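Remarks on the structure that follows.
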Amino acid sequence: KTVELPGEPCAGLAVGFGSLWVPLCTQPPSLARIDSKTGKLKVFGQVGPAAEEGGIAVSADSVWMVTDKEGTLARIDPESGELKQTVKLPAGSFNPVHASGKIWVTRFEGAEITKVDAATGAIEGTYKTGPSPRFLAAGEGAVWTLNQGDGSLTQLTERDPKNVALGTPGKGGDIAVKAGFVWTTMFKTPLSCVDAKTLKLRAQWTGPGGDSLGVSEDAIWLTDYRGGTVSRLPLAKALERCRP
(Lines of atoms letter the chains of each structure in order from A and count residues from 1; the text may use other names and numbers.)
(Lines give C-alpha, C1' and ligand atoms only; values in the text may rest on other atoms or scores of the structure.)
Protein backbone atom coordinates (compact mmCIF):
# COMPACT_ATOMS: atom_id res chain seq x y z
CA LYS A 1 0.00 0.00 0.00
CA THR A 2 1.17 3.51 -0.79
CA VAL A 3 -0.09 6.46 1.24
CA GLU A 4 0.04 9.93 -0.31
CA LEU A 5 1.25 12.57 2.16
CA PRO A 6 0.43 16.30 2.02
CA GLY A 7 4.09 17.27 2.37
CA GLU A 8 7.66 16.04 2.69
CA PRO A 9 8.29 13.49 5.48
CA CYS A 10 11.38 14.91 7.11
CA ALA A 11 12.15 14.01 10.72
CA GLY A 12 12.16 10.27 11.27
CA LEU A 13 9.42 7.77 11.98
CA ALA A 14 7.90 6.15 15.05
CA VAL A 15 5.53 3.22 15.56
CA GLY A 16 2.92 3.12 18.31
CA PHE A 17 -0.80 3.00 19.11
CA GLY A 18 -1.45 0.88 16.02
CA SER A 19 -0.03 3.54 13.73
CA LEU A 20 3.02 4.88 11.92
CA TRP A 21 3.86 8.48 12.94
CA VAL A 22 5.46 10.71 10.31
CA PRO A 23 6.61 14.30 11.00
CA LEU A 24 6.00 16.50 7.95
CA CYS A 25 7.93 19.56 6.78
CA THR A 26 4.79 21.24 5.49
CA GLN A 27 4.11 24.96 5.94
CA PRO A 28 3.47 25.10 8.84
CA PRO A 29 5.01 21.79 9.99
CA SER A 30 2.56 19.03 10.86
CA LEU A 31 2.32 15.41 11.99
CA ALA A 32 0.80 12.48 10.11
CA ARG A 33 -0.69 9.35 11.66
CA ILE A 34 -1.11 6.34 9.35
CA ASP A 35 -3.19 3.39 10.58
CA SER A 36 -0.99 0.28 10.36
CA LYS A 37 -3.84 -1.98 9.20
CA THR A 38 -5.93 0.22 6.94
CA GLY A 39 -3.43 2.82 5.76
CA LYS A 40 -5.90 5.56 6.69
CA LEU A 41 -4.17 8.93 7.00
CA LYS A 42 -4.87 11.57 9.62
CA VAL A 43 -2.90 14.82 9.74
CA PHE A 44 -2.53 16.91 12.90
CA GLY A 45 -1.85 20.48 11.86
CA GLN A 46 -1.44 21.85 15.35
CA VAL A 47 2.00 20.26 15.92
CA GLY A 48 5.04 19.65 13.75
CA PRO A 49 8.82 19.07 13.85
CA ALA A 50 11.29 21.85 14.62
CA ALA A 51 13.86 20.76 12.02
CA GLU A 52 14.39 18.48 9.05
CA GLU A 53 16.78 16.32 11.07
CA GLY A 54 14.49 16.29 14.09
CA GLY A 55 12.84 13.19 15.44
CA ILE A 56 9.85 11.63 17.16
CA ALA A 57 9.35 9.13 19.98
CA VAL A 58 6.48 7.10 21.46
CA SER A 59 6.04 6.26 25.15
CA ALA A 60 3.33 4.22 26.88
CA ASP A 61 0.69 6.94 26.58
CA SER A 62 2.05 9.77 24.42
CA VAL A 63 3.86 10.85 21.28
CA TRP A 64 6.85 13.17 21.85
CA MET A 65 8.40 15.67 19.46
CA VAL A 66 10.40 18.91 19.71
CA THR A 67 8.35 21.56 17.93
CA ASP A 68 10.62 24.62 17.79
CA LYS A 69 14.27 25.65 17.89
CA GLU A 70 13.82 27.02 21.40
CA GLY A 71 13.62 23.44 22.70
CA THR A 72 9.90 22.97 23.33
CA LEU A 73 9.29 19.24 23.83
CA ALA A 74 5.63 18.51 23.07
CA ARG A 75 3.73 15.66 24.69
CA ILE A 76 0.98 14.78 22.23
CA ASP A 77 -2.25 12.89 22.73
CA PRO A 78 -2.13 10.00 20.20
CA GLU A 79 -5.88 10.11 19.55
CA SER A 80 -6.62 13.81 19.20
CA GLY A 81 -3.19 15.18 18.35
CA GLU A 82 -3.69 17.83 21.04
CA LEU A 83 -0.87 19.00 23.30
CA LYS A 84 -1.08 17.39 26.72
CA GLN A 85 2.07 19.01 28.08
CA THR A 86 5.13 20.99 27.00
CA VAL A 87 8.59 20.69 28.54
CA LYS A 88 11.16 23.46 28.15
CA LEU A 89 14.53 22.01 27.14
CA PRO A 90 17.76 23.83 26.26
CA ALA A 91 17.48 25.64 22.92
CA GLY A 92 18.81 23.59 20.04
CA SER A 93 17.46 20.27 21.37
CA PHE A 94 15.80 18.28 18.59
CA ASN A 95 15.83 14.47 18.75
CA PRO A 96 14.01 12.29 21.33
CA VAL A 97 14.08 8.58 22.10
CA HIS A 98 12.07 6.62 24.69
CA ALA A 99 13.85 4.14 26.93
CA SER A 100 12.79 2.58 30.26
CA GLY A 101 10.18 5.20 31.06
CA LYS A 102 12.38 8.16 30.14
CA ILE A 103 12.54 10.50 27.16
CA TRP A 104 16.10 11.38 26.17
CA VAL A 105 16.61 14.40 23.90
CA THR A 106 19.89 15.35 22.23
CA ARG A 107 20.97 18.97 21.96
CA PHE A 108 22.53 19.42 18.54
CA GLU A 109 23.51 23.02 19.28
CA GLY A 110 25.70 21.91 22.16
CA ALA A 111 27.22 18.75 23.58
CA GLU A 112 24.59 17.31 25.88
CA ILE A 113 21.47 15.22 26.30
CA THR A 114 18.49 15.83 28.59
CA LYS A 115 16.56 13.10 30.44
CA VAL A 116 12.81 13.61 31.01
CA ASP A 117 10.45 11.43 33.04
CA ALA A 118 7.89 10.10 30.54
CA ALA A 119 5.19 9.84 33.23
CA THR A 120 5.42 13.36 34.66
CA GLY A 121 7.40 15.39 32.12
CA ALA A 122 9.88 16.42 34.82
CA ILE A 123 13.48 17.03 33.74
CA GLU A 124 15.72 14.61 35.63
CA GLY A 125 19.15 15.68 34.43
CA THR A 126 21.46 16.81 31.67
CA TYR A 127 24.52 14.80 30.63
CA LYS A 128 27.58 15.54 28.51
CA THR A 129 28.04 13.96 25.08
CA GLY A 130 30.31 14.56 22.14
CA PRO A 131 29.80 17.76 20.12
CA SER A 132 26.54 18.27 18.21
CA PRO A 133 24.74 15.04 19.10
CA ARG A 134 21.85 14.42 16.73
CA PHE A 135 20.58 10.88 16.25
CA LEU A 136 20.34 8.44 19.15
CA ALA A 137 19.22 4.95 20.07
CA ALA A 138 18.68 2.85 23.20
CA GLY A 139 19.75 -0.72 23.91
CA GLU A 140 22.27 -2.93 25.70
CA GLY A 141 21.64 -1.05 28.95
CA ALA A 142 22.48 2.40 27.62
CA VAL A 143 21.44 5.33 25.49
CA TRP A 144 23.79 6.07 22.58
CA THR A 145 24.29 9.30 20.63
CA LEU A 146 25.88 9.79 17.23
CA ASN A 147 27.69 13.12 17.43
CA GLN A 148 27.85 15.00 14.14
CA GLY A 149 30.46 17.49 15.38
CA ASP A 150 33.37 15.05 15.55
CA GLY A 151 31.87 11.80 14.32
CA SER A 152 32.02 10.12 17.71
CA LEU A 153 29.67 7.84 19.63
CA THR A 154 28.66 8.49 23.26
CA GLN A 155 27.46 5.79 25.68
CA LEU A 156 25.22 7.05 28.51
CA THR A 157 24.53 4.83 31.51
CA GLU A 158 24.32 5.39 35.26
CA ARG A 159 28.10 5.80 35.16
CA ASP A 160 30.05 8.61 33.53
CA PRO A 161 29.46 9.05 29.77
CA LYS A 162 32.03 7.40 27.54
CA ASN A 163 33.00 8.44 24.01
CA VAL A 164 34.17 6.27 21.12
CA ALA A 165 35.94 7.85 18.13
CA LEU A 166 34.42 6.78 14.81
CA GLY A 167 35.99 9.38 12.53
CA THR A 168 32.69 10.06 10.75
CA PRO A 169 31.72 13.72 11.30
CA GLY A 170 29.13 15.54 9.20
CA LYS A 171 25.44 15.96 8.57
CA GLY A 172 23.02 13.07 8.26
CA GLY A 173 23.73 9.64 9.64
CA ASP A 174 21.82 7.16 11.75
CA ILE A 175 22.28 4.72 14.64
CA ALA A 176 20.79 1.44 15.89
CA VAL A 177 21.55 -1.14 18.59
CA LYS A 178 21.24 -4.86 17.89
CA ALA A 179 22.96 -8.19 18.63
CA GLY A 180 25.43 -6.73 21.12
CA PHE A 181 26.65 -3.99 18.80
CA VAL A 182 25.98 -0.34 18.09
CA TRP A 183 25.61 0.24 14.35
CA THR A 184 26.08 3.64 12.73
CA THR A 185 25.97 4.98 9.20
CA MET A 186 27.30 8.19 7.64
CA PHE A 187 28.07 9.40 4.14
CA LYS A 188 31.17 7.61 2.75
CA THR A 189 31.11 5.24 5.77
CA PRO A 190 27.89 3.29 5.21
CA LEU A 191 28.39 1.07 8.25
CA SER A 192 30.41 0.95 11.48
CA CYS A 193 30.03 -1.52 14.34
CA VAL A 194 31.04 -0.90 17.96
CA ASP A 195 31.02 -3.61 20.63
CA ALA A 196 28.44 -2.44 23.19
CA LYS A 197 30.35 -4.02 26.11
CA THR A 198 33.97 -3.18 25.33
CA LEU A 199 33.27 0.02 23.35
CA LYS A 200 35.75 -1.10 20.71
CA LEU A 201 35.24 -0.06 17.10
CA ARG A 202 35.33 -3.47 15.42
CA ALA A 203 34.81 -2.76 11.73
CA GLN A 204 33.88 -0.12 9.18
CA TRP A 205 32.62 -0.36 5.63
CA THR A 206 33.76 2.59 3.49
CA GLY A 207 32.81 3.88 0.06
CA PRO A 208 29.71 5.40 -1.55
CA GLY A 209 26.44 5.31 0.34
CA GLY A 210 25.23 5.91 3.86
CA ASP A 211 22.75 8.12 5.72
CA SER A 212 20.14 5.89 7.41
CA LEU A 213 19.79 2.30 8.55
CA GLY A 214 17.50 -0.19 10.21
CA VAL A 215 18.45 -3.49 11.83
CA SER A 216 15.99 -6.40 11.91
CA GLU A 217 16.39 -9.90 13.32
CA ASP A 218 18.31 -11.12 10.29
CA ALA A 219 19.43 -8.13 8.22
CA ILE A 220 20.81 -4.61 8.18
CA TRP A 221 19.03 -2.26 5.79
CA LEU A 222 21.07 0.69 4.51
CA THR A 223 20.08 3.66 2.40
CA ASP A 224 22.34 5.44 -0.07
CA TYR A 225 20.68 8.84 0.11
CA ARG A 226 22.61 10.32 -2.80
CA GLY A 227 22.35 7.20 -4.93
CA GLY A 228 18.67 6.65 -4.21
CA THR A 229 19.01 2.98 -3.25
CA VAL A 230 18.30 0.66 -0.33
CA SER A 231 20.62 -2.28 0.35
CA ARG A 232 20.21 -5.39 2.48
CA LEU A 233 23.18 -6.89 4.32
CA PRO A 234 22.59 -10.20 6.14
CA LEU A 235 23.13 -9.59 9.85
CA ALA A 236 25.06 -12.85 10.22
CA LYS A 237 27.53 -11.74 7.55
CA ALA A 238 28.07 -8.39 9.24
CA LEU A 239 28.59 -10.08 12.61
CA GLU A 240 31.30 -12.29 11.13
CA ARG A 241 33.30 -9.18 10.44
CA CYS A 242 32.49 -7.38 13.69
CA ARG A 243 33.10 -10.14 16.19
CA PRO A 244 36.73 -10.54 17.36
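Numbered by the working numbering, the letters in the sequence shown go through residues 1418 to 1661 in order.
Ideal placement from N, C-alpha and C gives every residue a C-beta, glycine not left out.
This structure is a prediction, so every number in the text was calculated from the model and none was measured.
The three-state reading of DSSP puts K1486 in coil, since its state is none of H, G, I, E or B.
Under the DSSP definition of a beta bridge, K1459 partners with R1450. G1584 places its beta carbon 7 Å or farther from that of P1607. Here A1653 carries a helix assignment [DSSP, helix/strand/coil]. Two segments are said to touch when three or more pairs of C-beta atoms, one from each, lie closer than 8 Å; by this definition the region 1651–1660 touches the region 1592–1604.
For C1442, the three-state secondary structure derived from DSSP is coil. DSSP places K1605 in no beta strand (DSSP E); its state is neither H nor E.
No residue range can be given for K1418, since it is assigned to no beta strand (DSSP E) and is classified by DSSP as neither H nor E. Distance from the CA atom of I1493 to the CA atom of C1610, rounded to whole angstroms, is 34 Å.
When rounded, the separation of the alpha-carbon atoms in G1472 and R1660 is 31 Å. A direct Cα-to-Cα measurement between L1630 and G1590 gives close to 8 Å.
Per the DSSP secondary-structure output, T1585 pairs with nothing in a beta bridge.
By the 16-neighbour rule on beta-carbons within 10 angstroms, R1450 is buried. It is roughly 19 Å from the alpha-carbon of A1536 to the alpha-carbon of S1497.
Counting only the Cα atoms, Q1502 lies some 8 Å from G1538.
Counting of Cβ neighbours within 10 angstroms places P1423 among the exposed residues, the total staying below 16. In this structure, the CA atom of G1433 is about 18 Å from the CA atom of C1427. Annotation for T1574: G1558 and A1559 place their beta carbon closer than 7 Å to its own, counting only its chain and skipping 5 residues before and after. Between D1628 and L1652, the C-beta spacing is not below 7 Å. Under the three-state reduction of DSSP, C1610 is assigned to strand. Distance from the Cα of T1419 is smallest, within the candidate group G1456, T1615 and I1637, for G1456. Short of 7 Å from the beta carbon of D1567, and not among the five residues preceding or following it, lie these beta carbons of its own chain, in chain order: G1547, P1548 and P1586. Residue state for R1551 is assigned as strand, using DSSP reduced to three classes.
In this structure, the beta-carbon distance from A1468 to M1482 does not fall below 7 Å. DSSP lists R1524 and K1545 as the bridge partner or partners of E1529. Going by beta carbons, V1504 and V1480 fall outside the 7 Å limit.
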